[in-house]
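Undergrad: Converting from the sequence shown to my numbering requires adding 2 to each position, the first position being numbered 1. Virtual Cβ for every residue (Gly too), placed ideally from N, Cα, C.
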Amino acid sequence: MNFAAQFLANFVNDGLQAQETRRSFNDSEEYDPFWQSAEQRRGSSKPDCSFHSGPCAKDGHIGNGRLGRRSTLICPERLKDFGAEEYLNGDVKVFETSVSEPPEVQLMSTPKPAVKKSSESKTAATAPPEHLRFEDISAAAFKLQQAGIQKTPCTYSRLSKQYGMEIFLKKEILHYTGSVKERGALYLLSSLKQDHQRKGVIVATDSSFSMAVAFHAVELRIPVFVIMPACSSPPRLRMYRDYGAMVISYGSTARDSISHARHLARENGYLCLEEDDSAVYLAGLGTVGLEIYEQVPKLDAVIVPAGGHCGLLVGTAAAIKHLNPCISVIGVEPEEFPLLLQSLKTDAPIKDLYCNPNKKLYRDLMDHSLGTHAFQLAKKTVDKVISVREADALVAMLRFQEYERSTVDTEGAVGLAAILAGQLPELRGKRVAVVVSSANMELDLVLQCVERALVLDDRVSRFTVQLTDRPGDMAKLLDLLAREDVRLLDVCHRRYSDKTELFKAQVECVVEMRDKSQNSQLRRTLSDRYPSLHWLER
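#1: Given this structure, state the Cα-to-Cα distance separating Thr383 from Ala308, to the nearest angstrom.
#2: Could you tell me the alpha carbon to alpha carbon distance between Leu176 and Ser140, rounded to whole angstroms?
#3: Can you tell me whether Pro1 is helix, strand or coil according to DSSP?
#4: Please look up how many angstroms separate the CB atoms of Asp394 and Ala423, rounded, as I've assumed it's under 8 Å.
#5: Looking at Ala435 and Val334, is the spacing between their C-beta atoms short of 7 Å?
#6: Between the beta-carbon of Cys511 and the beta-carbon of Phe465, is there less than 7 Å?
#7: Quick one: residues in its chain with C-beta nearer than 8 Å to the C-beta of Met241, no 5 flanking neighbours on either side, listed in chain order?
#8: Decide if the segment 330-346 is in contact with the segment 399-411; the criterion is three or more beta carbon pairs, one per stretch, under 8 Å apart.
#9: So, helix, strand or coil for Leu161, using DSSP?
#10: Taking only the alpha-carbon atoms, compute the straight-line gap between Arg264 and Ile204 and give it to the nearest angstrom.
#11: Determine the contact status of Arg185 and Thr289, defining contact as a CB-CB distance below 7 Å.
#12: Could you work out which residue in Pro533, His324, Ser209 is closest to Glu276 when comparing CA atoms only?
#13: Going by DSSP, which residues form a beta bridge with Ala143?
#14: How about Leu482 and Val509: do their beta carbons lie closer than 7 Å?
#15: Given a cut-off of 7 Å on the beta-carbon distance, is the pair Cys451 and Met399 in contact?
#16: Report the option in Thr527, His262, Asp302, Ala320 whose CA atom is closest to the CA atom of Leu429.
#17: Looking only at its chain, what residues have a beta carbon closer than 8 Å to the beta carbon of Lys506, apart from the 5 residues adjacent to it on each side?
#18: Considering only C-alpha positions, which residue in the set Val390, Ala350, Asp385, Lys361 is nearest to Thr374?
#19: Let's test the definition: count the other Cβ atoms within 10 Å of the Cβ of Ser259 and tell me whether it reaches 16, buried, or not, exposed.
#20: Rounded to a whole number of angstroms, what is the C-alpha to C-alpha distance between Ala380 and Tyr295?
#21: Could you pull the start and end residues of the beta strand (DSSP E) that Thr207 belongs to?
#22: Compare the C-alpha of Leu342 against each of Lys323, Tyr189, Ser389, Ile322 and name the closest.
#23: Express the C-alpha separation of Asn360 and Ser235 in angstroms, rounding to a whole number.
#24: For Leu161, which residues of its own chain have a beta-carbon under 7 Å away from its beta-carbon, when the five flanking residues on both sides are left out?
#25: Looking at the unbroken alpha helix (DSSP H) that takes in His375, where does it start and where does it end?
#26: Assign Lys173 to one of three DSSP states: helix, strand, or coil.
#27: Tell me which residues share the same chain as Arg496 and place their Cβ nearer than 6 Å to its Cβ, disregarding the 5 neighbours each side in the sequence.
#28: How many Å lie between Gln425 and Glu413 at the Cα?
#29: Identify which residue in Lys173, Leu535, Ile224, Met167 has its Cα closest to the Cα of His198.
#30: For Met110, which three-state DSSP category applies?
#31: Quick check: what's the CA-CA separation for Asp530 versus Pro473?
#32: Quick one: give me the first and last residue of the beta strand (DSSP E) that Leu469 is part of.
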């Protein structure tokens with residue numbers, strides 16, 4: 003009996019010790035059947051899990067087979083201990099492991115590097131990331147739609163029958179500031195960091211980009227400063243102030259204003275915004291391509307103004323080519339400043355082009371240099387680049403006023419000017435979209451451009467003729483002009499001139515006609531009547 007009682011007592015004590023070493027789990031704790039406690043492996047102290055406080059479930063006892071409790075999520079910190087994620091919320095799999103001694107290290111000769119096959123090396127090489135992706139343009143379109151940027155119409159033009167093609171005009175001039183730059187400027191401002199938005203931004207010179215930044219920065223409650231040359235017109239200064247921007251006049255040229263804006267930005271911690279070829283700005287401008295593709299079905303070609311950094315051209319081309327690579331994208335720039343055309347010929351972006359264009363007409367097209375990213379995108383996505391003369395751009399501005407009842411500047415008119423000049427005969431009979439990008443031109447300059455365009459279009463002409471000093475000769479000339487249904491704009495009668503003969507007077511007339519056919523008819527009639535007739539050059 004003593005032996006049986008002693009055996010029973012020893013068995014009970016062993017069971018109690020095993021229960022003390024075995025850890026119990028509550029439903030709130032996690033149980034990991036694959037974890038072997040540190041005491042059982044090394045015999046050292048038990049470390050706690052760094053993911054949560056308290057005892058860790060890694061100290062539990064290892065058991066085979068299914069457990070008599072519900073499965074719980076594995077602690078994310080402990081996922082590092084596994085080579086696969088199949089244990090997460092899945093059935094428990096048990097593997098038998100054995101620990102063996104590491105093999106003895108033997109010294110060997112230096113191995114020769116393995117030579118990869120050509121196919122392996124090609125797959126291993128990764129392509130460089132694209133500067134502008136279609137996903138960026140789509141995200142910009144969604145952001146601009148939420149911000150309230152309107153979708154501008156792309157309407158059928160009355161000039162289509164005259165030039166033998168279906169022309170659709172994408173009227174970006176209907177934005178609040180009259181320019182497509184609103185898309186890029188708003189998306190650029192909304193993408194700034196909160197620190198920059200709180201401190202404020204600075205823009206320089208009087209341009210469409212500066213106007214767009216000034217307007218939308220105030221709408222987003224971002225402090226904005228505009229540095230403009232002292233020679234800027236008072237109406238333009240008043241426009242920026244009406245937007246809510248702080249206007250500072252500095253310097254006599256645009257270069258002085260830009261340098262002063264950069265200096266103020268460095269000294270005060272502001273962000274100086276300038277037009278560039280950043281992916282954010284190009285994505286905002288590229289939303290034009292998305293809308294054109296949606297608004298004009300069965301499109302054959304898109305004509306986009308190119309100039310300066312070519313942001314509108316490459317952004318629109320990136321969107322169009324992703325949606326339909328068969329659509330041709332054609333860039334148009336002024337003949338006096340062919341920056342992109344010369345860069346494509348030299349296969350490198352040209353920073354400064356030594357030429358002397360009309361700065362009043364091509365202000366926004368020549369204020370910036372061509373960026374590297376924009377040049378690479380243009381090489382990849384733009385099918386053709388052409389240049390147009392100043393005369394063709396002015397006549398295109400006149401056509402917009404007559405047929406579309408719209409006033410545009412030279413940047414907005416260069417696309418239509420390429421069609422008027424006959425430089426795109428391959429587009430006859432096709433559906434063509436033309437981006438009308440800008441309409442920011444001062445009123446006095448608009449009047450000068452219209453007067454010049456009427457002369458270039460043979461609608462206004464000037465001639466001189468010598469008349470005798472007998473009474474009635476001047477009346478006969480005026481009666482002839484009236485019978486030809488010609489409008490007399492100006493007349494000058496000179497009796498004393500070094501070019502007139504004795505007893506004769508020189509008469510100079512400025513007349514306006516309906517079209518070129520009436521001009522030709524008047525020239526024939528006057529030549530038959532007055533041998534001394536002389537038409538002045540345009």
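TA: On the basis of the data shown:
#1: Here the question's residue 383 lines up with position 381 in the sequence shown. Here the question's residue 308 lines up with position 306 in the sequence shown. Each residue's alpha carbon lies about 13 Å from the other.
#2: For this step, residue 176 is matched to residue 174 along the sequence shown. For this step, residue 140 is matched to residue 138 along the sequence shown. Spanning the two alpha carbons is a distance of roughly 22 Å.
#3: Outside the shown range of the chain, which is 3 to 540, sits residue 1, and nothing can be said about it.
#4: Position 392 of the sequence shown holds residue 394. Position 421 of the sequence shown holds residue 423. Sure, about 4 Å apart at Cβ, within 8 Å.
#5: Residue 334 sits at position 332 when you count from the first residue of the sequence shown. Residue 435 sits at position 433 when you count from the first residue of the sequence shown. Their beta carbons are not under 7 Å apart, which means Val334 does not touch Ala435 by this criterion.
#6: The sequence position of residue 511 within the sequence shown is 509, counting from 1. The sequence position of residue 465 within the sequence shown is 463, counting from 1. Cβ atoms of Cys511 and Phe465: closer than 7 Å.
#7: In the sequence shown, counting from the first residue as 1, residue 241 sits at position 239. The residues are Met213.
#8: no
#9: For the purposes of this step, residue 161 is taken as the residue at position 159 of the sequence shown. Three-state result, Leu161: coil.
#10: The sequence position of residue 264 within the sequence shown is 262, counting from 1. The sequence position of residue 204 within the sequence shown is 202, counting from 1. About 8 Å.
#11: Taking the sequence shown and counting its residues from 1, the one referred to as residue 185 is at position 183. Taking the sequence shown and counting its residues from 1, the one referred to as residue 289 is at position 287. Cβ distance < 7 Å, so Arg185 and Thr289 count as in contact.
#12: As a working mapping, residue 276 is identified with position 274 in the sequence shown. It is Ser209.
#13: Reading the sequence shown from its first residue, position 141 is the one you call residue 143. Bridge partners of Ala143: none, in fact.
#14: Sequence index remark: in the sequence shown, residue 482 carries index 480 (1-based). Sequence index remark: in the sequence shown, residue 509 carries index 507 (1-based). No, these two residues do not count as a Cβ contact at 7 Å.
#15: Translated into positions along the sequence shown, residue 451 becomes position 449. Translated into positions along the sequence shown, residue 399 becomes position 397. Yes, these two residues count as a Cβ contact at 7 Å.
#16: Translated into the one-based positions of the sequence shown, residue 429 becomes position 427. The candidate whose alpha carbon is nearest that of Leu429 is Asp302.
#17: On the sequence shown, position 504 is the one that residue 506 refers to. Gln468, Leu469, Thr470, Asp471, listed in sequence order.
#18: Here residue 374 refers to the residue found at position 372 when the sequence shown is read from its first residue. Of the listed residues, the one whose Cα sits closest to Thr374 is Ala350.
#19: The sequence position of residue 259 within the sequence shown is 257, counting from 1. Buried, because 16 or more other Cβ atoms sit within 10 Å of the Cβ of Ser259.
#20: Sequence index remark: in the sequence shown, residue 380 carries index 378 (1-based). Sequence index remark: in the sequence shown, residue 295 carries index 293 (1-based). Rounded to the nearest angstrom, the two C-alpha atoms are 19 Å apart.
#21: Your numbering for residue 207 matches position 205 in the sequence shown. From DSSP, Thr207 is part of no beta strand (DSSP E); its letter is neither H nor E.
#22: Here residue 342 refers to the residue found at position 340 when the sequence shown is read from its first residue. Of the listed residues, the one whose Cα sits closest to Leu342 is Ser389.
#23: Your numbering for residue 235 matches position 233 in the sequence shown. Your numbering for residue 360 matches position 358 in the sequence shown. Distance between the alpha carbons of Ser235 and Asn360 is about 18 Å.
#24: For this step, residue 161 is matched to residue 159 along the sequence shown. For Leu161, where only same-chain residues beyond five positions count, the Cβ hits under 7 Å are Ile169, Arg401, Tyr405.
#25: Here residue 375 refers to the residue found at position 373 of the sequence shown. Run containing His375: 374-383, per the alpha helix (DSSP H) assignment.
#26: Here residue 173 corresponds to residue number 171 of the sequence shown, with the count starting at 1. Looking at Lys173 - three-state DSSP - the assignment turns out to be strand.
#27: For the purposes of this step, residue 496 is taken as residue 494 along the sequence shown, with counting starting at 1. Excluding residues within five positions, the ones whose Cβ falls inside 6 Å are Gln508.
#28: Locating residue 425 in the sequence shown gives position 423, counting from the first residue. Locating residue 413 in the sequence shown gives position 411, counting from the first residue. Each residue's alpha carbon lies about 18 Å from the other.
#29: In the sequence shown, the residue the question calls residue 198 occupies position 196. When only C-alpha atoms are compared, the closest one is Ile224.
#30: Position 108 of the sequence shown, counting from 1, holds the residue named residue 110. Interpretation of Met110 is limited by its pLDDT of 46, a score under 50 that renders its predicted location unreliable; no figure is taken from the coordinates.
#31: Your numbering for residue 530 matches position 528 in the sequence shown. Your numbering for residue 473 matches position 471 in the sequence shown. Distance between the alpha carbons of Asp530 and Pro473: 21 Å.
#32: For the purposes of this step, residue 469 is taken as residue 467 along the sequence shown, with counting starting at 1. Start and end: 462-470.
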